[in-house]
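Asker:
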Amino acid sequence: MFCVNSVRVAPGVRSASAVACGVVLSLLPSIVWAQDVVSDVVVTANREPQPIHKVMADVSVITRDDIERHAGAGVADVLKTLPGFQIVRNGDVYGTSSVYLRGAESRHLLVLVDGVRLDTQSGAGGATWESLPLSEIERIEVVRGPASAIYGSDAIAGVVQIFTRKGQGPMRMTLGLGVGNRGLTQGDVSLSGGAGPWSYSLGGTLSRASGFNTRNNTKAGTRASDDDDYRASSAHARLGYQLSARQQFHVNLLSQHSNAGYDASVNSKFDDRSIQDLDTVSAAWVAQWLDAWRSTVTVGQSTSRYETRPSVYITRTEVRNGSWSNQFSWGGHTVRATLEGREDRLKNTSVPADRDVQRAGALGLGYDWQGQDLSVQTSIREDHHSAFGQHVTGSVGAAYDLSAQWRVRGSWGTSFRAPTLYQRFSDYGQPNLRPEQGRTSELGLQYHAGSAQWGVTVFNSHVNDLINYSDAGVCASTYGCYRNVGRATLRGVELSGAVTLASVRWTGSFNLDDPRNAETDKLLARRSRQHGSVRAETSWAQWMWGAQMQWAGARFDDASNKNRLGAYVLWGVDAQKELTQNWKLILRVDNLADKRYETARTYSSPGRTVFAGLRWTPDL
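According to my numbering, the sequence shown is numbered sequentially starting from 2.
1) Am I right that R274 and T309 are in contact with their C-beta atoms under 8 Å? What's the rounded C-beta distance?
2) Using three-state DSSP, classify Q424 as helix, strand or coil.
3) Just verifying my parser: in three-state terms, what is the DSSP assignment at I157?
4) Take T603 and list the residues in its own chain whose beta-carbon comes closer than 7 Å to its own, dropping the five residues that flank it on each side.
5) Which residues does DSSP pair with W130 in a beta bridge?
6) From the DSSP output, which residues share a beta bridge with R118?
7) Going by beta carbon distance, what residues of the same chain come within less than 6 Å of S149, once the five residues before and after it are set aside?
8) Using 8 Å as the threshold, is the segment 112 to 122 in touch with the segment 524 to 535, meaning 3 or more CB pairs across them?
9) Taking only three categories from DSSP, how would you classify E137?
10) Roughly how many angstroms lie between the CA atoms of V409 and S510, to the nearest whole one?
11) Pull up the distance between the alpha-carbon of P619 and that of T175, whole angstroms please.
12) Between G85 and N433, is the Cβ-Cβ spacing less than 8 Å?
13) Out of A576, R140, A74 and P147, which has the shortest C-alpha to C-alpha gap to E106?
14) Which word fits L111, buried or exposed, when buried means at least 16 other C-beta atoms lie within 10 angstroms of its C-beta?
15) Across the segment 223 to 243 and the segment 200 to 211, are there enough close Cβ pairs to call them in contact, namely three or more that are closer than 8 Å?
16) Which of the three DSSP states is assigned to L80 in this structure?
17) In the DSSP assignment, find the unbroken beta strand (DSSP E) run with Y152 in it and report its ends.
18) Looking at the structure shown, is A354 part of a helix, part of a strand, or coil, going by DSSP?
19) Which term fits L375, buried or exposed, when burial requires 16 or more other beta carbons within 10 angstroms of its beta carbon?
20) Extract the residue ranges of the beta strand (DSSP E) inside the segment 147 to 224, only unbroken runs of 3 or more that lie entirely within it.
21) Hey, E142 and Q122 are a contact pair by Cβ (cut 8 Å); roughly how many whole angstroms apart?
22) Which residue wins for smallest C-alpha separation from L403, given the options G126, Y263, R70 and H449?
23) Starting from P516, follow its DSSP beta bridges and name the residues at the other end.
24) In whole angstroms, what is the alpha-carbon distance linking S622 and G153?
25) Quick one, which of G222, P171, V282 and S497 has its alpha-carbon nearest W455's?
26) For the ligand HEM, I want to know if G481 counts as a neighbour, meaning its beta carbon is within less than 7 Å of at least one of the ligand's heavy atoms.
27) Look up E308 in the DSSP assignment and say whether it is helix, strand or coil.
28) For K270, which residues in the same chain have their Cβ closer than 6 Å to its Cβ, ignoring the five residues on either side in sequence?
29) R321: which of W294, A361, S351 and G390 sits nearest, CA to CA?
30) Beta carbon of A489, beta carbon of R517: below 8 Å?
31) Is the Cβ-Cβ distance between R337 and G301 less than 8 Å?
32) Within 10 Å of its beta-carbon, does D558 have 16 or more other beta-carbons around it, so buried, or fewer, so exposed?
33) When you compare each of S462, G567, R565 and M545 to L588 by their alpha carbons, which one comes out closest?
34) The alpha helix (DSSP H) spanning R65 covers which residue range?
35) Less than 6 Å between C-beta atoms, sequence neighbours within five positions excluded: which residues of the same chain meet that for E319?
36) Out of curiosity, what's the CA-to-CA distance linking I32 and D280?
Have a look at this one:
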């Protein structure tokens with residue numbers, strides 16, 4: 002049971018969201034939802050299937066074809082090709098990674114895997130991006146902009162939802178093998194299909210690499226100056242059952258394990274290792290009770306574990322959440338209602354055993370109206386937290402079709418992020434921390450005609466009560482502590498577009514951001530003000546060819562803006578060919594010019610990276 006059970010309210014009164022958690026859990030066995038989706042439908046924007054051209058939020062979709070081009074890389078590497086995203090990584094693909102969207106903190110981006118929340122209650126929180134297995138993913142949906150009115154805590158900057166691979170139709174097997182420089186070898190297998198009311202998908206991946214020295218200031222002759230290798234494995238399973246023409250049930254499992262070298266200091270004498278495990282389990286019962294009523298009952302759990310050796314540090318986070326979502330539609334009207342519950346647990350030697358859990362329940366309501374040219378979407382949500390009491394967030398958006406090609410949209414919303422258990426109760430914590438709070442407004446213009454499309458979005462965000470780490474002297478702790486001392490303003494302009502010219506498909510994006518500490522007027526650390534990418538694709542001589550350029554302007558590694566990190570431009574090329582009906586060849590070169598650059602000071606980034614892979618789909 003993970004409902005709110007320690008919240009004080011007025012005598013005789015119980016918050017609707019506190020009741021919500023109990024209602025949800027009384028309905029659920031112990032199972033989170035991932036809807037079946039198709040390419041022109043998204044579910045993340047408002048938790049229900051919706052045609053992508055009707056979505057009012059700024060949305061991007063990454064398909065399986067996009068993912069296969071990035072074999073051997075990580076989820077963060079795929080996201081950085083999208084508008085608004087920047088990544089910072091301490092070394093190789095399994096090094097500690099941060100993902101910034103429109104300049105917001107990494108912890109302000111909600112991450113879901115098949116509907117299961119990913120978060121860590123250690124440190125400042127946020128998803129452990131380096132533990133997400135790219136090979137097990139079918140599709141990624143991204144929603145830019147505040148979404149707390151739909152999803153609650155964490156969604157200040159947006160939402161990234163990851164869908165694992167699914168099966169349908171005749172049995173299909175795929176085997177893959179890839180090799181690359183720096184000792185990279187990777188193999189994967191998947192089996193999927195369906196029979197009668199059943200559908201299934203199974204898969205697994207093994208990879209290893211000798212790597213490179215992830216620190217560029219190590220002392221020669223020490224263990225820290227050697228290459229930092231890694232080995233990793235992942236697996237997924239999905240089983241679905243069609244209960245009737247209008248009801249379906251499915252269960253999803255995902256597991257990832259990695260063991261990677263890193264340098265704890267510049268003169269380390271040991272083989273320092275970081276070991277990470279991610280496990281998620283989810284299930285859903287989706288029912289179309291009436292033509293006008295659709296409901297989804299969901300439950301899931303994610304477990305993130307991090308360990309270092311030989312210097313032992315272990316932290317483990319469990320996040321459980323369940324929901325009952327309903328959508329009522331008639332004519333151009335839609336009403337949404339969601340009851341949701343969540344429990345977070347942290348096992349960390351720095352956090353007392355009697356302070357290792359926090360709970361929340363929520364009630365969310367929404368109303369959407371779709372007219373001939375005008376669309377309106379509104380949402381409101383009340384979260385009831387075991388430590389902070391009630392927290393209400395809301396959003397409103399509208400879109401107007403100026404013509405068959407032009408559309409203008411605008412939105413406003415509030416959001417929040419609850420402090421982690423580590424920020425409150427560790428040796429560096431403050432029990433009375435307040436949730437971080439945001440409000441965002443944005444205005445967008447979109448054009449679509451044939452193969453040409455482009456859009457521009459202007460956004461303005463304010464985040465108050467930012468939780469920053471303060472040095473000793475301002476806190477009771479002699480080590481320093483976390484405090485609500487910050488305010489940030491995140492403003493910018495985002496451009497994106499796509500067009501086909503002379504059989505070449507061009508896509509690109511450009512961001513001009515201004516992420517600042519409102520207290521000091523300094524730029525937020527490790528975020529460029531200008532960044533973007535351009536990609537070209539074409540088919541020639543029975544090959545599919547691609548080339549891409551990514552760039553990022555200069556930024557600062559520290560909050561005081563004294564340590565400058567240089568700008569960089571990265572080039573990449575890739576090619577694919579169907580050798581036969583059953584064989585496919587994939588080639589890719591990243592950082593073609595072997596550019597040396599840093600996203601975090603003193604940490605190296607990969608040089609030129611070469612990958613070649615074969616995929617075999619035998620006739621069964």
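Cβ coordinates follow ideal geometry from the N, Cα and C atoms, glycine included.
Answerer: Quick look at the numbers:
1) 7 Å
2) helix
3) Here I157 carries a coil assignment [DSSP, helix/strand/coil].
4) R216, N217 and N218
5) Bridge partners of W130: none, in fact.
6) Its beta-bridge partners are L113.
7) A156, T394, S416 and F417
8) no
9) helix
10) Cα-Cα distance, rounded: 19 Å.
11) 7 Å
12) No; because the gap between Cβ atoms is not below 8 Å, this pair is not in contact.
13) P147
14) buried
15) yes
16) helix
17) Note, Y152: premise wrong, no beta strand (DSSP E); alpha helix (DSSP H) at S149 to Y152.
18) helix
19) exposed
20) 159 to 165, 173 to 181, 185 to 196 and 199 to 213
21) The pair is not a contact, with the Cβ atoms about 25 Å apart (cut-off 8 Å).
22) H449
23) L491
24) Because the chain here runs from 2 to 621, residue 622 falls outside it and cannot be looked at.
25) S497
26) Of the ligands one can find in the structure shown there are none, so the ligand HEM has no counterpart to examine.
27) strand
28) R224
29) A361
30) yes
31) no
32) It is buried - the Cβ of D558 has at least 16 other Cβ atoms within 10 Å.
33) M545
34) R65 to E69
35) T304 and R346
36) The pLDDT assigned to I32 is 28, lower than 50, so where the model puts this residue is not dependable; a value taken from the coordinates is nonetheless given after this. Taking the straight line joining both Cα atoms gives about 14 Å.
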